[in-house]
Structure formats: structure tokens, C-alpha cells
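Residues 969 to 1497 (this note's numbering) are what the sequence shown spells out, left to right.
Using N, Cα and C, we set each Cβ at its ideal position, and we do this for glycine too.
Structure, as C-alpha cells:
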Amino acid sequence: MPMARWPLLLLCALSGTRYAMPAGAAAPPERGAVIFQTDFESPDALRPWRGEARLDAGLSGGRAMYVERDAASKTPAAMVSIPLPADSMRGCRVYVSAMVKAQDVSAPPRSWNGIKLMLAIEAPSGRRWPQAEISAGTFDWRKAAMSPLIPPDATAVTLFLGLEQVTGRAWFDDVKVTVSRPPPAPATRPAGGPMYRGHELPRLRGAMVSPNIDDAGLRVLGEQWNANVIRWQLIRHARPGEPGTLHDYDEWLEKELAKLDAAAASCRKYGMYIVVDLHSPPGGKATASWYIGSDHKLFTDRACQDKFVDVWKRIALRYRDNPVIWGYDLANEPVETLVEEDCDDWHALATRAARAIRQIDPRRTIIVEPPDWGGPAALSTFHPIDVPNVVYSVHMYIPFHFTHQGIHGIDKPAVYPGMIDNRVWDRSALEEALRPVVEFQKRYGVHIYIGEFSAIRWAPDNSACRYLKDVIDIFESQGWDWTYHAFREWHGWSVEHTEDRDDNKPATRPTDRQKLLREWFSRNRKPSW
969 MPMARWPLLL LCALSGTRYA MPAGAAAPPE RGAVIFQTDF ESPDALRPWR
1019 GEARLDAGLS GGRAMYVERD AASKTPAAMV SIPLPADSMR GCRVYVSAMV
1069 KAQDVSAPPR SWNGIKLMLA IEAPSGRRWP QAEISAGTFD WRKAAMSPLI
1119 PPDATAVTLF LGLEQVTGRA WFDDVKVTVS RPPPAPATRP AGGPMYRGHE
1169 LPRLRGAMVS PNIDDAGLRV LGEQWNANVI RWQLIRHARP GEPGTLHDYD
1219 EWLEKELAKL DAAAASCRKY GMYIVVDLHS PPGGKATASW YIGSDHKLFT
1269 DRACQDKFVD VWKRIALRYR DNPVIWGYDL ANEPVETLVE EDCDDWHALA
1319 TRAARAIRQI DPRRTIIVEP PDWGGPAALS TFHPIDVPNV VYSVHMYIPF
1369 HFTHQGIHGI DKPAVYPGMI DNRVWDRSAL EEALRPVVEF QKRYGVHIYI
1419 GEFSAIRWAP DNSACRYLKD VIDIFESQGW DWTYHAFREW HGWSVEHTED
1469 RDDNKPATRP TDRQKLLREW FSRNRKPSW
């Protein structure tokens, strides 16, 4: 049975735990405000916590909380929890940290199992379980941290510490939750005037392409298919989990920009704008899809953040006078799981980079995706940056278990429309998933660009085509520009390949998915250079 608020606060006071009082109607908390803090030094330090744990030798000779789990355990976890004051946290980005030590902790069966420093967030908009990334094995005291965003509609927030689905021992000390970014002040819709779109065409419709595409491929897309925009990836490949490095970043970037220079010449011939997508910013590490992502040291190392801004200065200087470049997509699917205390979060870093670009190039469109992963729901907790001529972008891969079936460990076949993830997915469900994008556009008077969307070609019963038809119809009804993922990149997304997963050769005749895209492309008008 949940503990009443005032007995919990009293217990925390008696146990030496610092606990923020509910904010109520008071002013929002300031940056650095302490929401919760404990060093477990009091003999009664565990009294406010639920679950089984004990005090043991801690950091620097003091006390720490200790949990253990062995193979004979009848429960899947050895964890303790304590509720946090959701009233004081709504809309804030918080910094959750602890010192952690481990002994013989087994490898977790799934990525979300293991040593847990986790929040459980309840909200009408959906449950969330952000957690710090902590390795298994044996290690001495080290800091673990994360920087989750607490949704504005959060009703309950609970802190968990312990072990889940693993065996071993773990110690926790100096646990602290502080405000790293208060709730943003409400932005206002620009008064009067048309919405900035960055072009004068009725619509931009095209595709993301491989950076290894040649002139012949671009001719097919632009001249034969009539696309009028491509999204160009500045992408760096590596094994999953492998971090990117700065020492050879400039050399890699120069080679990629040389490819883009050649593509820009082709796109000018074939009537296609280019979105420059920094798919692999400085400091990221490789994702499960084998490319360096927009995460890791991009948000934990100030040098990587400064390099990020410098990279965009370099790109802007190179392309500021090139009319083929429609926009600068600052970072692909940014993920700010941990933002260190001396670093910018994505909103601040995007603002800094965009302002640096504007000093060099006042005309080119700047494109910003929300964290985490650029999904539609992420716009519900994002707000525009204070820089002119910005378009906002999301990627549409919902429901993920349909669009990505057969990869990333998703083995269960799914048909659209139909029952997927225990609910019916049809056009109305897709419209609901995209509602945060519609609301963001209306609230702030900004233009939307769907930078990526797709469905794996081998979805049963040719249902990838039905899915694509419905999402494109929604995009068109809202006036959004879009680029399909992807043209002549990986065969799994290719509309030039059949629905047979085992057939990796291009189809001998146009697929239904290709016909669908080309029908929409046939409506395009071309840029006038």
C-alpha cells in the first residue's frame, strides 16, 4: 500500500535523507535544485525505502546500501525503491547519479536488465523506465548517472536501485537527484506572416539515399521517378557499441563532403534539393544498426560538443552559396540518455550550433529533430529553438514491431492493419501516434519535415505497402514534406526489391511500394535554380 506523503517526508528527515517538498503552486525549481539526496550514513537510512537491502561499508569509510542476488533466488530482482515528488519534477530534465560498486555481477540476459539505477515514471502519456548504463562484472566505486526528462503530465516518479535478472552483489552510495533543466517557459506562436517552409514548392517529396550512390542512381530518382529532394547521410560505420573518435573525424568528414559535392552537381542536373544529414556527429558510438549515432560523448564531453559546433561552421561555409542545399539536419535521432553537468542538453546544443550557422549562412533551412530518437512523441516535451528559419523533423517507425520485423531481434510476423503489440493498428491509430507532431505544428506555427519513414519490405501480405500508403496520406493531409527511407541503400527498405526476404536481387517489374512512391513523386514540381 503506498505510503502517505507526510510520513515519508518525516521518515526521510529522521533517516538523514534530503527530500524536496512538493512544489504545488510554487515557482518551478531552479537549475541545480536538489530533488532527493542520501548518503546512507544514518543508521535509519533504509527506513523510507521499500524492498530488501542492508547497510554495509561505503565510499570513503562511510555506509552504503548493499543488495545481493544468487542463483537460488525465487524472485527476478533484488531491488529497493523510494517515491520521488513528481509535483516538483514535472517538465524538468533531472540528473540522477549514484556511486556504484559491484562484485561478480553476471551478464544481463537483456540490455535493460542488470545493475539498476532507474526511474519508473507514470503518466497518462505513457509509462517510462529510464535507467543509467552500468556494466556487469566486478568493479570498484564509480559514478553512474542519467538525465531523463520528466513528462509534464507525470503522476508518479519512483527511484529504483538494485539487481534485476542477474546474480552478484552491488553497493550504492551518494544517491542524488537534481534539476539539470527546469521546465521551459511556454514559447509563443510567431505573430502574423506565413509559416516558414524554406522553399516555394507545393511539397518536397523524395528519399534518403546511400552516400555511395552514383550519378546514374540519382538520375533514376530525380529524372525518371521525379523526386525533388534527397536526404544525404554523413554516416560513419562501426561495430555496435564501438565509440567514435575525434582524432580522425576531420579526415573522415572531408571524404564524405567530397561525395556530397559530387552529388550536389548531379542533383542540380536532376532537379533535387539536398538535406545534409549529420548522421554521425562527433562523440557518438555505434548503434545496433552499425553506424555512429548522436549520443554518448556528444552529451558528456564538452570537447565533442565544441567540435559539433565547429563541424557545422565548416559545412555552412562550404555550402552557404549552393542553392541545391535545402537544409542542414543538425543531428540524426539525438539520444541524451546522460547529459553531464558541464554539458549542453540537445536543445541548448542545437541552439548553439544553429546560431553559429546563422552567423555564416542566414538563408539555408536549419532542421531540428527532438530527443530521444526523433520520434513523434518526443515533440510533446520539446519546444522550438530561438533561431530563425527552422523546420522541425521527426521519423516515423510506429509501430516499431511492424516496421522492423525480422531485424533487431523482432521475429514475430505482424500484418498491417491488424493486431500489433496487443492493440489494433490502422490509420486512426497512426493518426493518434502522429498527434504530437500536429499539435506541435499548430502550437508554434512551424513547418514539419518527415525525414525518415519506412516499413520492412517482407512484412506479410504486402502490408508494407498499405502502411506506407496510410502514413503518406497523413503526411499529405497535414502539408508535411517527406523523404522515404531509403533509395538504393539497404535492400530491406528498398522499394525496388520484392516482398520475398530471400530474394536480394532487384525486382524485374515495379513493386506496389515503388508504384506508390512514384505516383506521389509524379505530382512534384522541380526547384528553379
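Query raised in the report: Is ARG1332 buried or exposed, if buried means 16 or more other CB atoms sit within 10 Å of its CB?
Result: ARG1332 sits buried, since 16 or more C-beta atoms from the chains shown fall within 10 Å of its C-beta.
Query - Which of helix, strand or coil DSSP assigns to ARG1149 - result: strand
Report task. Note down, in chain order, each residue of its chain lying with its Cβ closer than 6 Å to the Cβ of ARG1403, except the 5 sequence neighbours on either side. Result -> none
Query raised in the report: Would you call MET1387 buried or exposed, if buried means 16 or more other Cβ atoms sit within 10 Å of its Cβ?
Result: exposed
Query raised in the report: Considering VAL1405, what are the terminal residues of the alpha helix (DSSP H) in which it resides?
Result: 1403-1412
**Report entry** the segment 1479-1489 touching the segment 1455-1470, judged by at least three CB pairs closer than 8 Å
**Finding:** yes
Requested in this report: Would you verify that the beta carbon of ASP1310 is, or is not, closer than 9 Å to some beta carbon of chain C?
Outcome: No chain C appears in this structure, which consists of one protein chain only.
Query raised in the report: Which whole-angstrom value is the C-beta distance of VAL1147 and GLU998, which I expect to be below 8 Å?
Result: 7 Å
Requested in this report: Let me know if GLU1219 comes out buried or exposed under the rule of 16 or more other beta-carbons within 10 Å of its beta-carbon.
Outcome: exposed
Query - Selection from SER1262, GLY1130, LEU1052, GLN1099 that minimises the alpha carbon distance to VAL1073 - result: Closest option to VAL1073, Cα to Cα, is GLY1130.
Query raised in the report: Where does GLU1444 sit, in a helix, a strand or coil, going by DSSP?
Result: helix
**Report entry** Run of the alpha helix (DSSP H) containing GLN1071, from where it starts to where it stops
**Finding:** Where GLN1071 is concerned, there is no enclosing alpha helix (DSSP H), although the beta strand (DSSP E) it sits in stretches over 1061-1073.
Query raised in the report: Hey, which unbroken runs of the beta strand (DSSP E) at 3 residues or more fall wholly within the segment 1228-1302?
Result: 1241-1245, 1293-1297
Query raised in the report: In the structure shown, what three-state DSSP assignment does ILE1375 receive?
Result: coil
Query - Close-in-space but distant-in-sequence residues of the same chain around TRP1193 (CB under 8 Å, 5 per side omitted) - result: LEU1485, ARG1486, PHE1489
Query raised in the report: Where does THR1451 land, buried or exposed, given buried means 16+ other C-beta within 10 angstroms?
Result: buried
Query - Three-state secondary structure assigned by DSSP to GLN1133 - result: GLN1133 falls in the coil class under three-state DSSP.
Query raised in the report: In chain order, which beta strand (DSSP E) runs of at least 3 residues are fully inside the segment 1181-1210?
Result: 1197-1201
Query raised in the report: Do the CB positions of LEU1117 and PRO1339 come within less than 9 Å of each other?
Result: yes
Query raised in the report: With C-beta atoms as the reference, is ILE1416 less than 9 Å away from TRP1393?
Result: It is not a contact, given that the beta carbons lie outside the stated cut-off.
Report task. Inspect the beta-carbon positions of TYR1238 and GLU1168 and report whether they are closer than 9 Å. Result -> no
Query raised in the report: According to DSSP, is PHE1368 helix, strand or coil?
Result: helix
Requested in this report: May I have the straight-line CA-CA distance separating ILE1424 from ASP1468, to the nearest angstrom?
Outcome: 11 Å
Query raised in the report: Touching or not, the segment 1074-1092 and the segment 1024-1033, by the rule of three or more beta carbon pairs under 8 Å?
Result: no
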